[in-house]
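Engineer: Residue numbers (the working numbering): 6 to 392.
Provided herewith is a single structure, encoded as structure tokens, for subsequent inquiry.
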Amino acid sequence: MKNNFIAVLDFGSGKITCMAATRISDSGDFVIKAVGQASYNGFDENEWYEPALLDGAVSQAIAQVESKMKCSIKEIYVGVPGAFCAMVTSEASSTFHSKKKMDAEDVAEIVRKADIYKASDDYIPLTGKPVFYLVDGIIRTDNAVGAIGNKLTGLVSFSYMKKYFRNTVAPTLLEKGINKVHYINGCEAQADYISNTMLRGGYSIIIDIGHITTNVVLCGGNGLLFQRTFALGSGYFAGDLCQVLGCDFAFATSILDKVNLNLEVKSGDAYTINGRMVDAVQTNEVVKARIGQIAEYIMRSFSMCDKEIPSDTPIILTGGGLAYLRGGVDVLAQSLQKPVRLYHSVNPQTNRNEYTSSYGLIYEAIHDNKPKGGFMAALRNIRKGDK
């Protein structure tokens, strides 16, 4: 890094966040030094809702961090939202003449062999990431370096970024003097961070319910097995209440601060906001109905997944909306008919659900900035995206 800190830029569906952090260990631990934010109107799977305002929002978020750090950012890690990403998996094998101890080059060769997809003209390839390996078709491992066998098979996850995203973001960064940009699949970085900090690897489903979009991913081992984004999020709760209760958006947002879906409300119960009362039964039912629809979309998403998902795969909920709604995680679990855990960190600095995507980018950047050489360096040199 040209800076003595790591800088990341995260595009949420309602705000852009820039963070500066310093690494305190190669295992991924970090300290956040500065945060900058700017509100904007987000995106769908094709474009920004207000592209003319994007430049100002990105510049504002970065400028806040630069002011707090008292220096300019020269290098940055940018999280590509799920709506602007695509991913596939591919399997490859290497067979040896006799048993041998696998080294970093053997593993890197698996990634090269698995790279069989040609990105369309609309996409730019990012890095290929091994999910897991099989040694002699029997022994499964997340790290094959040092394993002994005649045959090595690996499942590799490849991510792609829409050129549209790069082409609309890069000019602003260049104008600000940031000439070294690393693009990362934001969903993958977030899933990797949550899986390794909460679950210590293995299979996991991460659901990030944002303001107007939701990301659902299946993580298995060291990489993604499935990823999908759909345009439905917690921002719809207030809109639903506006329509049903006939109130304005600001008042509907205030109602959500009072809602508790764990309460057994009955006829006559009410939420009181600034002296105004609203029917608690009707309010809860409106919110529950929308959560039920989000759950339906989540299940539809995974019906498109061609991977076998173990029945005991943990489900982790994160994001800045439903995670903070009292009883929201319980209603989602009931709708999915599966246990759902809320993202949690013992570190107060990283215990905010709305920032887990930013934490994931920092986590990924720390691993990318480990001393070069060896296995990880070999993988980083394979299929690097536009920088």
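The beta carbon of each residue, even a glycine, is placed where N, CA and C say it ideally should be.
Every value quoted in this text rests on a predicted model; they were computed, and no experiment measured them.
1) Please report the distance separating the alpha-carbon of Phe254 from that of Gly326.
2) Any idea if Gly251 is buried or exposed, counting beta-carbon neighbours within 10 angstroms, 16 or more meaning buried?
3) Tell me the rounded alpha-carbon separation between Asn386 and Lys79.
4) According to DSSP, is Ile21 part of a helix, a strand, or is it coil?
5) What's the call for Ala294, buried or exposed, on a 16-neighbour Cβ count within 10 Å?
6) In the DSSP assignment, what residue or residues form a beta bridge with Phe170?
7) From the DSSP output, which residues share a beta bridge with Glu80?
8) Taking the C-alpha atoms as reference points, what is the distance between Asn172 and Asp245?
9) When the Cα atoms are used, what is the spatial distance from Val336 to Ser363?
10) Go to Asp253, then tell me how far its beta strand (DSSP E) extends in each direction, as first and last residue.
11) Quick check on this structure: which residue in Gly238, Ser200, Phe242 has the alpha carbon closest to the alpha carbon of Val222?
12) Relative to the C-alpha of Arg233, which candidate in Thr288, Val249, Cys310, Ala285 has its C-alpha closest?
13) Where does Arg305 fall in DSSP's three states?
14) Check the C-beta distance from Leu366 over to Gly191 and give it rounded, since I have them as a contact under 8 Å.
15) Going by the beta-carbon positions, is the gap between His187 and Tyr82 smaller than 8 Å?
16) So, using beta-carbon positions, are Asp22 and Val36 closer together than 8 Å?
17) The alpha helix (DSSP H) spanning Ser209 covers which residue range?
18) Can you confirm whether the segment 312 to 321 touches the segment 268 to 279 when touching is taken to mean that 3 or more C-beta pairs between the two stretches lie within less than 8 Å?
Structural biologist: Inspection of the coordinates gives the following:
1) 16 Å
2) Only exposed fits Gly251, as fewer than 16 other CB atoms lie within 10 angstroms of its CB.
3) Since pLDDT at Asn386 reaches only 49, below the 50 mark, its modelled position is unreliable, and the value read off the structure follows with that caveat. Their Cα atoms are separated by approximately 22 Å.
4) strand
5) exposed
6) In DSSP, Phe170 forms no bridge with anything.
7) Lys185
8) 35 Å
9) 26 Å
10) Counting along the chain, Asp253 falls outside any beta strand (DSSP E), and DSSP gives it neither H nor E.
11) When only C-alpha atoms are compared, the closest one is Ser200.
12) Cys310
13) In the structure shown, Arg305 sits in a helix (DSSP, three-state: H, G or I).
14) 7 Å
15) yes
16) The amino acid occupying residue 22 in the given sequence is Thr; Asp does not appear at that position. Not closer than 8 Å, so no.
17) Where Ser209 is concerned, there is no enclosing alpha helix (DSSP H), although the beta strand (DSSP E) it sits in stretches over 208 to 214.
18) no
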